[in-house]
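Asker: My questions all concern the structure below.
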């Protein structure tokens with residue numbers, strides 16, 4: 064993992080060294096030094112667990128602010144389906160998207176449309192004879208990073224599909240250039256995100272997203288803009304169907320694949336349990352694995368506002384009201400697949416490139432561990 068990219072950071076004044084984040088981190092990326100938590104960023108997958116469990120709110124996600132809109136001549140916001148579930152008594156998705164546009168964006172793209180397209184492409188991929196099963200969804204960036212770091216031998220099972228946010232960004236860029244005639248560098252693509260793991264893709268050469276804005280940070284300005292809107296002045300920006308909006312919570316992706324032979328797990332510990340079972344060949348008869356690092360899926364992201372269980376219920380109610388579109392690509396599904404397969408990340412767990420030296424360090428580690436008192440943390444009132 065690129066240690067120069069920091070999806071979370073520490074407010075040292077608030078940290079009391081309680082080790083809650085260290086115990087929760089799935090990749091052992093956190094240490095407490097001199098009474099303060101530090102992150103080993105080469106191990107961080109951006110799951111946001113440390114943010115969620117910190118009792119003093121010392122952990123924060125690293126995001127761009129709306130002030131960076133001025134860096135571009137034309138700006139487009141990408142809004143994921145989970146954002147709809149953050150508002151009570153919402154009866155029209157266009158209130159949210161029009162409200163986002165009022166924050167200063169020139170256009171808004173409904174990522175639920177890209178979700179639907181990726182679902183159709185994945186459905187086609189499942190039917191191919193050469194496909195290695197079970198297929199692991201590549202839609203959750205934290206799970207994707209986890210597999211690339213700790214489960215490299217399972218890479219063949221990863222779906223080759225791009226993440227819907229990537230598809231949405233590519234289409235938003237194409238549309239913006241066609242509308243404005245501007246150069247690519249004059250157009251800013253902003254992802255309104257619930258997930259710190261998205262930031263780890265920031266320097267990916269295939270990624271068209273320029274900035275990442277935390278939904279948590281824009282919630283109250285957005286709510287204010289939505290309350291000013293009148294129904295008869297809403298621009299029809301919401302384009303997603305029932306399957307597209309379902310992607311905002313767990314099981315949503317799987318329900319759009321035309322197969323009942325799938326397994327869904329949400330919460331990073333449950334995800335690791337499923338991956339361990341796959342390592343031991345216990346899931347050979349399953350077609351698809353939908354794995355979400357956050358509880359209840361994207362609605363459980365650390366940058367959201369609402370209780371994820373309530374948010375999932377809201378998405379289910381939206382799904383029941385929306386139509387179901389048949390998506391057919393005129394030029395096939397190849398454009399939704401990555402041009403290169405996923406590769407493993409440089410292991411942060413390798414003790415040394417030299418096997419003899421690695422063994423010596425392992426023996427030393429075990430000796431030190433055996434001498435420790437085996438007491439973790441201390442009580443804080």
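Numbering (my numbering), first residue to last: 64 to 444.
The beta carbon of each residue, even a glycine, is placed where N, CA and C say it ideally should be.
Note that this is a predicted model, so its numbers are computed, not measured.
Using 8 Å as the Cβ pair cut-off and three pairs as the minimum, do the segment 148–167 and the segment 193–212 touch?
Answerer: no
Asker: Once you ignore the five residues that flank residue 421 on each side, which residues in its own chain have a CB closer than 6 Å to its CB?
Answerer: 414, 415
Asker: Helix or strand or just coil, what does DSSP make of residue 80?
Answerer: coil
Asker: Do you know offhand how far residue 322's Cα is from residue 350's?
Answerer: 8 Å
Asker: Tell me whether residue 365 sits in a helix, a strand or coil according to DSSP, three-state version.
Answerer: coil
Asker: Spatial neighbours of residue 427 within its chain, please: C-beta separation below 8 Å, excluding the five flanking residues on both sides.
Answerer: none
Asker: May I ask you to list the residues that DSSP assigns as paired with residue 311?
Answerer: None; residue 311 has no bridge partner.
Asker: Could you tell me whether any non-hydrogen atom of the ligand PLP is closer than 7 Å to the CB of residue 216?
Answerer: For the ligand PLP, the structure offers nothing, since it holds no ligand at all.
Asker: Would you decide whether residue 380 is buried or exposed? Buried here means 16 or more other CB atoms lie within 10 Å of its CB.
Answerer: exposed
Asker: Are residue 88 and residue 121 touching if we call contact CB-CB under 8 Å?
Answerer: no
Asker: What does the alpha-carbon distance come out to for the pair residue 442 and residue 81?
Answerer: Because residue 442 carries a pLDDT of 46, less than 50, the predicted location of this residue cannot be relied on, and the following value inherits that uncertainty. Note on geometry: alpha-carbon atoms of residue 442 and residue 81 lie some 8 Å from one another.
Asker: Which one of 293, 206, 222 has the shortest CA to CA distance from residue 261?
Answerer: For the residues 293, 206, 222, the minimum Cα distance to residue 261 belongs to 206.
Asker: Go through its chain and collect everything with a Cβ distance to residue 93's Cβ below 8 Å, but skip five positions before and after it.
Answerer: Sequence-distant Cβ neighbours of residue 93 in its own chain, meaning closer than 8 Å and more than five residues away, are 84, 85, 100, 101, 102, 103, 113.
Asker: Does the Cβ-Cβ distance between residue 363 and residue 389 come in under 8 Å?
Answerer: no
Asker: Identify whether residue 108 lies in helix, strand or coil by the three-state DSSP scheme.
Answerer: coil
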